[in-house]
Structure formats: structure tokens, C-alpha cells
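Chains as they are written, first to last, in this note's numbering: chain A, 625 to 737; chain B, 981 to 1093.
Here a beta-carbon is modelled for each residue, glycine too, at the ideal position from N, C-alpha and C.
A short worksheet on the structure shown next.
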Amino acid sequence: AQSVSQHNHHVILSEAASLELGCNYSYGGTVNLFWYVQYPGQHLQLLLKYFSGDPLVKGIKGFEAEFIKSKFSFNLRKPSVQWSDTAEYFCAVNAPGTYKYIFGTGTRLKVLA
Amino acid sequence: GAGVSQSPSNKVTEKGKDVELRCDPISGHTALYWYRQSLGQGLEFLIYFQGNSAPDKSGLPSDRFSAERTGGSVSTLTIQRTQQEDSAVYLCASRLGGVNEQYFGPGTRLTVT
């Protein structure tokens, strides 16, 4: 069965610090990978996605993620965080052509001004 | 265009009462999902609709939970004889057939007292 692990449950950073949030999945086949973000009081929205091709994916607001197949990982990065990046971040995996999405437990990021 | 909407946004109910939660997906989206979001638990898959049929109800926690979708559009999640452990945020998401990206609604926060 598919599963997604986000090992960092809470992360606190100062503004301008670099960010890397871990995401590991367990599934032997081809996968689609997603990062969603939930800002305080707002609904979940897509940050970026990987289906195929270049394993380095760029999303909105300066975020990027790298798919490393050998490590079953899809870590989220941002070189310099802002206070407005305070949110909860969810990693998700889906097998192409199937309907089910498996989400990680989320990482709460707090950025100190 | 309009996104996914859910109502009510908040619901407080007494233990033992029945509740109905509503989801209006994006027009034309054939796939619809219900998830439950509990603190520290991530997103728990409840049920998936393709059109009006629900090929996967495996995530419904008990027979107190049921859902239907009519006209390939609006969906209702019903929880009978609510229990305190049902307290959570219930999220709805829709997806256009053949496309992998889900769009989430704002959720319904259910509190069972």
C-alpha cells in the first residue's frame, strides 16, 4: 500500500532562512507527486506537482521540489522564507491513472519576522 | 470561475444528533472526494465519487457515515448519531476527469459536544 511520510511535524524559522521539508513515499511504481499548502484560515491549494520529466519542479511563490527516485523522496525547498510562508504543508502521492491520493500528516511551518 | 464550496463552514452539534455536510464542486468536475482532517493526522480519505457513483467507500469510518452525490454535482456527507471523535474538519475536493490535480473547498469544521 502507498504511504507518505513527512518527518518534520513542526518547523520554526526566521525570515530569510532556507527551508527544506522532507517527504518520502512508499510505492514501487510510477508516481505523481504533489505539495499542497494551507495558509491560516484558507483552504488547501496546490503549490507544485511532478508528473514526469525534469525532476526539479518549480512552483508558486519561489518554492521548488526535487524528485529523487532512488530515495523515494520529493523534498520541498525555498532559499529564503518570508513571514507569509507560515502555513501547513502537505505532501501527496498518486499512482498515474488511479483516483486515490495519499497525503502525509503535514508540516506546520512558522516563520518569525 | 467559482471554486469548490462547502456548507456550513462551522457546525456545532450535540452528541447523538445527525449532521449533513454539503459540497458544491467546480462545474464540470466529474470526480469528487471527501476527506477528514484531524489535528496531527493529515488528510484521511473517506470516499470517492465518479459521477454519481461511489466506487470506493473504503475510507468511511463506520456505518454511521454515508454520502451521496446527485446530478453529477452536489454531494452530501451525512453522519448519524454523531460522536465526539467525529469532531474534525471535513474537506471536499473535486477533479476534472483525466486531470490529476484536485481542488479543495474551505472545509466544514464539525464540533461534537
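Of all residues in the stretch 625-650 of chain A, only 628, 630, 633 place a beta-carbon less than 9 Å from a beta-carbon of chain B. The stretch 661-675 of chain A makes contact with the stretch 707-724 of chain A: 3 or more CB pairs, one atom from each, lie closer than 8 Å. Any Cβ of chain A closer than 8 Å to the Cβ of residue 1011/B would place that residue at the interface, and such an atom is present. Under the three-state reduction of DSSP output, residue 690/A falls in the strand class. With respect to the C-alpha of residue 724/A, the residue from 1025/B, 1050/B, 1064/B having the closest C-alpha is 1025/B. Contacts with chain B at 8 Å (Cβ-Cβ) include residue 729/A.
Ranked by how close their Cα comes to the Cα of residue 1013/B, the residues 1062/B, 1093/B, 1052/B have 1052/B in first place. Inter-residue distance for residue 993/B and residue 1021/B is about 22 Å (C-alpha atoms, whole angstroms). Looking from the CA of residue 625/A, the closest CA among 652/A, 720/A, 648/A, 645/A belongs to 652/A. From the beta-carbon of residue 1064/B, no residue of chain A is found nearer than 9 Å; the closest lies around 21 Å away.
Within the model, the alpha-carbon separation for residue 684/A versus residue 1064/B is close to 38 Å. Chain A has a Cβ within less than 8 Å of the Cβ of residue 1028/B. Against chain A, the beta carbon of residue 1086/B has neighbours under 7 Å at 667, listed in chain order. Between the stretch 627-640 of chain A and the stretch 688-695 of chain A, the count of Cβ pairs shorter than 8 Å is below three; the stretches do not touch. The residue from 719/A, 717/A, 687/A with its alpha-carbon nearest to that of residue 708/A is 687/A. In this structure, the CA atom of residue 644/A is about 4 Å from the CA atom of residue 701/A. Shown in chain order are the members of the stretch 998-1022 of chain B whose Cβ falls below 9 Å from a Cβ of chain A: 1011, 1013, 1015, 1017, 1020, 1021, 1022. Under the Cβ criterion of 8 Å, residue 1045/B is not counted among the residues facing chain A. If you check the CB distance, residue 1019/B and residue 1071/B do not come in under 8 Å.
The beta carbons of residue 1062/B and residue 1001/B sit no closer together than 8 Å.
Straight-line measurement puts the Cα of residue 641/A at about 7 Å from the Cα of residue 703/A.
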